[in-house]
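Notes follow once the structure below has been shown.
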Amino acid sequence: FATYLVDLSGASREMTEGFSAIFAAVVLLGVGMWMHQKSLAGRWQAYVKQKLSSALNKRSAIMLFVLSFVTVYREVFETVLFYAALWSEGNGIYLLAGLGSGIAILAIIAVVLLRSSARLPFRQFFAFSSALVAVLAVVLIGKGVAALQKVGFLHITPISM
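For the sequence shown, our numbering gives the first residue as 1, with consecutive numbering after it.
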């Protein structure tokens with residue numbers, strides 16, 4: 001299947017990129033809405049604590065594994081989907097430079113927070129993150145629609161100004 005996707009060219013590739021970008025945007029909007037709902041740290045902590053205590057009360061290692069896996073996998077899936085959509089734009093070197101810069105900045109922030117014992121304001125963090133995800137989703141939808149228009153899947157209606 002992967003070789004089929006790599007071998008795509010021309011209109012098929014544009015169509016695949018268009019649908020992938022729109023799918024990524026839908027997933028990002030879903031994640032953004034979820035993050036907005038969890039912008040109160042208490043709700044997120046209560047959710048995780050409830051699931052954790054349920055797993056511990058049942059002494060279920062499988063339940064604990066599933067909770068940990070879902071919590072981490074959601075983040076990884078969202079990140080991989082977002083980067084895959086960006087990679088398909090053909091800006092690989094810039095994407096890698098941005099990824100490296102982001103990791104370096106994140107490491108510096110982590111060291112500062114760990115040394116100063118500062119706590120992140122979760123409400124503001126989740127509110128900002130959900131707004132950023134919404135903006136990125138709009139950009140991805142625009143790029144997806146543009147790719148689908150390029151191959152003629154969606155029609156372009158010019159507006160005279």
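Positions of the beta carbon are idealized from the N, C-alpha and C atoms, including for glycine. These numbers come from a predicted model, not from an experiment.
How about residue i and residue j: are their beta carbons less than 7 Å apart?
{"i": "I159", "j": "Q149", "result": "no"}
{"i": "E14", "j": "V151", "result": "yes"}
{"i": "I22", "j": "G98", "result": "no"}
{"i": "L114", "j": "L28", "result": "no"}
{"i": "A85", "j": "S20", "result": "yes"}
By Cβ distance, which residues of its chain are closer than 6 Å to residue i, with the 5 residues on each side in sequence left out?
{"i": "G32", "result": "S130, V133 and A134"}
{"i": "G18", "result": "G144, A147 and L148"}
{"i": "F1", "result": "Here the model assigns F1 a pLDDT of 48, short of 50, so the residue's position is not dependable, and the following value carries that caveat. Correct list: empty, nothing qualifies."}
On a CA-only basis, which of the options is nearest residue i? Give me that one, please.
{"i": "F126", "options": "Q50, R43, F82 and S54", "result": "R43"}
{"i": "Q37", "options": "I141, L154 and F128", "result": "F128"}
{"i": "G102", "options": "W34, F153 and Y83", "result": "Y83"}
{"i": "F165", "options": "Q50, G90 and G30", "result": "A query on residue 165 cannot be resolved here, the shown segment of the chain reaching from 1 to 161 and no further."}
Less than 8 Å between the CB atoms is what I'm expecting for residue i and residue j, so what's the real figure, rounded?
{"i": "L95", "j": "A24", "result": "Not really, about 14 Å apart at Cβ, beyond 8 Å."}
Considering only residues of the same chain and omitting the five flanking positions on each side of residue i, which have a CB-CB separation below 7 Å?
{"i": "I109", "result": "none"}
{"i": "W34", "result": "none"}
Tell me which residues share the same chain as residue i and place their Cβ nearer than 8 Å to its Cβ, disregarding the 5 neighbours each side in the sequence.
{"i": "W87", "result": "L95"}
{"i": "V6", "result": "Only weak support exists for where V6 lies, its pLDDT of 47 falling under 50; the coordinates are left without a value."}
{"i": "I141", "result": "A21, I22 and A25"}
{"i": "F153", "result": "M15 and G18"}
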